[in-house]
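This report refers to the structure that appears directly beneath it.
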Amino acid sequence: MANLFLNCIAFNHATAFSVNIPSTSTVDHLGNAINVQGGFTTLPRNLTLWQVNIPSTASMGQKEAVFVNLNMGNSLNSSVILQTLFPEGAAGGVIHIVFRWKDLLSEYDFVNLHLEDITSTNQSAPGSQQESTREYSLTPHAVRLWRNFLPSVRAMQLANVPLYPRPIFHPRRQANSESTLTGVFLNDMGSLETLPPFARTEEVTSLIGIKYGIPDLVCSCLQADGISTTLLFPVEVKTSGVLHLNDGIRYDLAYHQQISRSIGPARPLRQIYGYMKLNGFRYGVLSTYKQTWFFMITGVNNDELLVSPTIPYNNRGPTVQQCYLWLIRQAQRNGRLNNPASRFRARTMTANETGNRVARAVQRALRPR
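Reminder that position 204 of the sequence shown reads as 204 in full-length UniProt numbering, one-by-one numbering, no gaps.
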């Protein structure tokens, strides 16, 4: 039984990979193989396939690629055998496939989209930053593992109705500075603003009601009146040269091992805790994009910090997008510290700001795919 070798290229996404599949497989099997190899979750019937005959350099008479429509939903039945479609593949040739996902996604499909890796270049070496003396750097009384974080995220209900436009992830997958890395995180995680409750991740400006310190990003959500907005949680982004945990290392344990040092995991944790507590946030996020951690303040005096397990960018159960959306929904319901001294405050958007937010949402939905 011969195998087919297919070079698969996404029509509406910067993704390409190879698939090796038996020639006796069906079109439905091919769709499954594409999803598995690419790390996607959409059903095979939501894929549209084209065969592409790429002209060789020796064939100067053929100057254009030839597309043969292989739409599984219309012209092909899912039970069609692949060797009847690609007889040349059985002879050892390589088949080029262009595939396209459905244009609208469900919540489940959206948060399970595959994220590409970030290549780190020219980043700060560990130990290059000094201990911060700014007032927003605080030391929690206790740091513990957030044990029910993953079960809670997995239990979040996600709708299966395709209503939301496919996001366009940041095309640049290199980061030579913290600001570049922040921009990639903002674009990719910010795409979740198209899902309920439509919370927006944005850079901190003077108009945003954060009084103590300036985190890299902040997540906010419009209130029921459509005008006022509530700040949900801060996001701090670090390069992998500043913060990185080896596989299997818990953040809370790494923190306690290096609590007296000005480098490593202790300093970023104190920084995000300061942003959270001084501004009245119950939740917070710390990320290198490759690795992300989610935090919650607890304790009678808001002096204990729970930290999630490390969530890699390519984690599948749950994804970092799913964790981020879960935190948004949690913070919307219970994002403020129950402390009279809390310095949390909501702000009211101007009419111009409200119009800009609506315009951005419309532009995102109308982007070519």
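Beta carbons are placed, not taken as given, at the ideal position from N, Cα and C, and that holds for glycine.
Check this for me: beta carbons of residue i and residue j, under 8 Å apart or not?
i: Leu150; j: Pro312; result: no
i: residue 373; j: Val235; result: The structure shown does not extend to residue 373, since the chain is modelled only from 1 through 369, so no value can be given for it.
i: Phe185; j: Val237; result: yes
i: Arg270; j: Leu181; result: no
i: Gly213; j: Gly274; result: yes
i: Pro197; j: Cys221; result: yes
i: His141; j: Asp252; result: no
i: Ile21; j: Leu85; result: no
i: Val153; j: Val307; result: no
i: Val36; j: Ser106; result: no
i: Met189; j: Thr201; result: yes
i: Ser18; j: Phe5; result: yes
Identify every residue that forms a DSSP beta bridge with residue i.
i: Met296; result: Tyr283, Leu306
i: Pro234; result: Val218
i: Leu4; result: Ile21
i: Ala142; result: Glu304
i: Pro312; result: Gln291
i: Pro265; result: BP columns for Pro265 are empty, so no partner.
i: Arg200; result: Ser220
i: Leu104; result: Pro165
i: Ile118; result: Partner(s): none; Ile118 has no beta bridge.
i: Arg336; result: Phe281
i: Ala16; result: Ile9
i: Thr26; result: Ile81
i: Gln321; result: Note: Gln321 sits in no beta bridge, so no partner.
i: Ala159; result: DSSP output for Ala159 lists no bridge partner at all.
i: Gln174; result: Thr119
Check each candidate in the options and name the one with the smallest Cα separation from residue i.
i: His29; options: Asn3, Leu337, Phe185, Ser228; result: Asn3
i: Asn301; options: Asn315, Arg282, Thr288, Arg166; result: Arg282
i: Gly183; options: Val218, Arg166, Val161; result: Val218
i: Leu104; options: Gln37, Leu269, Leu163, Pro167; result: Leu163
i: Gly299; options: Arg333, Asn338, Phe99; result: Asn338
i: Ser287; options: Tyr324, Thr230, Asn334; result: Tyr324
i: Leu327; options: Val111, Phe5, Ala10; result: Val111
i: Glu178; options: Gln223, Asn7, Thr119; result: Thr119
i: Leu113; options: Asn334, Asn314, Arg336; result: Asn314
i: Asn7; options: Phe86, Glu107, His96, Leu82; result: His96
i: Pro167; options: Met156, Asp109, Gln330; result: Asp109
i: Gln174; options: Thr239, Ile9, Leu305; result: Thr239
i: Ile210; options: Leu192, Leu232, Val19, Ala33; result: Leu232
i: Met156; options: Arg329, Pro165, Asn334; result: Arg329
i: His244; options: Val98, Arg267, Leu305; result: Arg267
i: Phe99; options: Arg144, Val27, Ser191; result: Val27
i: Ala10; options: Ile34, Thr24, Ala224, Asn20; result: Ile34
i: Thr319; options: Thr194, Ser18, Leu115, Ile227; result: Leu115
i: Trp146; options: Glu193, Arg250, Phe17, Met276; result: Arg250
i: Thr15; options: Val204, Phe169, Leu278, Pro165; result: Phe169
i: Gly226; options: Ala199, Met276, Thr205, Asp247; result: Ala199
i: Val285; options: Ala331, Pro171, Thr24; result: Ala331
i: Asn279; options: Ile208, Ile263, Asn148; result: Ile208
i: Tyr136; options: Glu203, Leu158, Met276, Thr229; result: Met276
i: Arg172; options: Ala159, Leu158, Val80, Asn187; result: Asn187
i: Ile272; options: Arg333, Ser260, Leu305; result: Leu305
i: Gln223; options: Arg333, Asn32, Gly31; result: Arg333
i: Pro165; options: Asn148, Asn176, Glu193, Leu158; result: Glu193
i: His322; options: Ser79, Gly248, Leu158; result: Note that residue 322 corresponds to Gln in the displayed sequence, not to His. Minimum Cα distance to Gln322 is reached at Leu158.
i: Pro87; options: Ile297, Ser25, Ile263, Thr229; result: Ser25
i: Val296; options: Asp247, Asn148, Ser191, Val80; result: Rather than Val, the amino acid found at residue 296 in this sequence is Met. When each option's Cα is compared against that of Met296, the closest is Asn148.
Can you determine whether any heavy atom of the ligand GTP sits closer than 7 Å to the C-beta of residue i, and answer yes or no?
i: Gln291; result: Ligands displayed in this structure: none; no statement on the ligand GTP is therefore possible.
Quick one: is residue i near chain B, going by C-beta distance under 8 Å?
i: Gly284; result: Here chain B cannot be found, since the structure has a single protein chain.
Assess, as a yes-or-no matter, whether the region 254-263 is touched by the region 273-292 under the definition of 3 or more beta carbon pairs within less than 8 Å. no
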